[in-house]
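In the working numbering, the protein residues as written are 5 to 234.
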């Protein structure tokens, strides 16, 4: 079975997210798994990196094991595969660039690992693109495999509209509208592109708290010293 066909079947039954998943980034991972991964990979991100979103080691292993990784060739020179592990990158569903282009009218779906960094508008631009598909206006002709999108300067894109209201069910009960899914997957991709952002924020809070405490102690010490000199 072709790998991308297998991924489409897998996406329909993925349950890697825990039932308590409720943050935009956690829901965005679900959108990636069930929608985006049919055409896109994240080659600078490993399955294990998803532990930052709350996936347990067992959930990560289960998700990874359902994917196949290249594993050299057999004695006949044919390519071999093996189940992925937590340390493997989340590869494109296509076995090579040529097959990716063949399946997408000559266009290669981009890797999503750093998309929120490379687009000028970041995560918000991703969200706008996902929500800005529109019927092609009268008098406008698009090439085969192109779709009208008002968020782009050139007004067309090679990706068909990926989101439809109610196409998946969020485990926390959040209505899966197109707008909700677009916001969630944009938040997820922003986190993927800035893997240490949350950690830096936590450290920043601790540093500020430490500096505030030291400033208070310094003030109290100086006050005591000056009081003793009076």
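The beta-carbon is built from N, C-alpha and C at its ideal position, and this holds for glycine as well.
- Contact between the region 36-48 and the region 94-103 is present: 3 or more CB-CB pairs across the two stretches fall below 8 Å.
- DSSP, reduced to helix, strand and coil, places residue 49 within a strand of the structure shown.
- Counted as a single uninterrupted DSSP element, the alpha helix (DSSP H) harbouring residue 61 occupies residues 61-69.
- Per DSSP, the continuous beta strand (DSSP E) segment holding residue 86 begins and ends at 83-87.
- Of the candidates 79, 209, 102 and 63, the residue whose Cα lies closest to the Cα of residue 90 is 63.
- The three-state secondary structure of residue 126, taken from DSSP, is helix.
- Restricted to the region 167-203, the alpha helix (DSSP H) segments that are unbroken, complete and at least 4 residues in length are 182-197, listed in chain order.
- A distance of 8 Å or more separates the beta carbons of residue 174 and residue 165.
- Of the residues 85, 70 and 171, the one whose Cα lies closest to the Cα of residue 77 is 85.
- About 7 Å separates the Cβ atoms of residue 162 and residue 109, confirming a contact at the 8 Å cut-off.
- Between residue 189 and residue 40, the beta carbon gap of about 7 Å places them in contact (Cβ cut-off 8 Å).
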